[in-house]
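Numbering-wise (my numbering), the sequence shown opens with residue 6 and increments by one.
Where is the CB? At the ideal position from N, CA and C, for every residue including glycine.
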Amino acid sequence: MSRLAILWKKKGQTIGFVPTMGALHEGHASLIRRARKENDKVVVSIFVNPAQFGPNEDFSRYPRPFDKDRALCAALGVDILYHPSPEAIYPPGYKSFIEVEGLSQLWCGHFRPGHFRGVATVVLNLFQTVSPARAYFGEKDYQQLTIIKTMARDLNLSMRVIGCQTLREKDGLAMSSRNQYLSPSERRDAAMLYRSLCEASEKINQGIEIASALKAARQKILSIPNSRIDYLAAVDGLSLEEIKSPRLGARILAAVWIGKTRLIDNIKLA
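Quick look at the structure:
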């Protein structure tokens with residue numbers, strides 16, 4: 006992969022890169038289409054990264070429909086589908102990890118210790134291998150996007166990290182590979198997460214205090230059977246620190262369990 010990337014760059018061709026863990030859906034497809042539009046070559050990686058899963062998380066059962074993913078990439082004109090083995094990323098004796106301090110300990114980082122250490126490490130490894138001009142990530146994983154942008158800035162990576170709008174199902178649920186874990190009734194209930202975020206955002210933009218708007222959203226979410234909330238907060242769009250009053254670029258972030266499935270979502274405050 007690295008030699009091909011060097012050859013393309015010598016020819017003056019730009020590389021657009023979409024890193025994924027597979028189980029591709031229309032949200033991933035939208036990233037690939039944008040990469041195809043803005044670059045000479047497109048590389049998609051599929052790697053279910055063991056370093057970002059905790060000991061009791063869903064690494065072993067994470068969906069891996071590789072043949073289906075490969076067919077989708079071919080249909081979208083992907084030039085290279087990079088599918089490394091765990092040994093290729095983490096060879097014997099591997100000891101180097103990347104930590105984006107502060108940002109990685111908040112929110113999902115608090116509930117999933119070490120998660121973003123694994124994310125930053127594998128993403129930097131992939132960036133070094135693919136040498137993209139641009140890399141594309143969905144805004145659904147807003148904390149992840151912010152951490153990767155910060156890593157690229159701090160390490161002076163000669164590339165752009167581009168955040169792309171979250172794609173949603175017709176009922177508003179953010180597209181995610183983990184949605185397939187939901188039972189039919191859980192899937193119907195899951196749409197309430199985005200509706201609750203939208204209602205909270207509207208209230209805040211109308212001048213209602215953030216705490217009051219989020220309290221109402223929390224009550225609505227917890228009315229979903231077998232639900233619990235890891236976090237629901239309004240945060241600064243850059244620092245991800247919790248805010249008590251609106252500001253430009255702020256977001257509402259949420260992580261919610263419905264049954265045994267953990268869903269994350271976010272919405273921008275106007």
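Where Phe64 and Pro55 are concerned, what is the direct C-alpha to C-alpha distance, given to the nearest angstrom?
7 Å
Limits of the unbroken alpha helix (DSSP H) element including Gly168
For Gly168, there is no enclosing alpha helix (DSSP H); the enclosing beta strand (DSSP E) has its first and last residue at 165 to 169.
Separation of Ile234 from Gly114, as counted between CA atoms:
15 Å
So the alpha helix (DSSP H) Arg39 belongs to, where does it begin and stop?
Segment 31 to 43, the alpha helix (DSSP H) holding Arg39.
So, are the CB atoms of Tyr67 and Met26 less than 8 Å apart?
yes
Please classify Ile85: does DSSP put it in a helix, a strand, or coil?
strand
Along the beta strand (DSSP E) that carries Lys46, what are the first and last residues, could you check?
46 to 51
For the 8 Å Cβ check, are there 3 or more pairs between the segment 44 to 60 and the segment 117 to 137?
yes
Three or more C-beta pairs closer than 8 Å, one from the segment 214 to 221 and one from the segment 236 to 250: is that the case here?
yes
Simplified DSSP state of Arg267, which is helix, strand or coil
strand
Cys78: which of Glu104, Gly32, Asn271 sits nearest, CA to CA?
Gly32
Drop a sphere of 10 angstroms on the beta-carbon of Gln170, count the other beta-carbons inside from all chains shown, and report buried for 16 or more, exposed for fewer.
exposed
Take Tyr199 as the anchor and find which of Thr126, Ile269, Ile11 has the nearest alpha-carbon.
Ile269
Could you spell out the range, first to last residue, of the alpha helix (DSSP H) harbouring Ile215?
Where Ile215 is concerned, the enclosing alpha helix (DSSP H) stretches over 215 to 227.
Nonlocal neighbours in the same chain, by C-beta distance under 7 Å from Arg223, ignoring five residues either side:
Ile234, Leu237
For His33, decide whether its Cβ has a neighbour in chain B, counting only Cβ atoms nearer than 8 Å.
Although the question refers to chain B, the structure presented lacks it and comprises just one protein chain.
Residue environment, Lys100, which counts as buried when at least 16 other CB atoms sit within 10 Å
exposed
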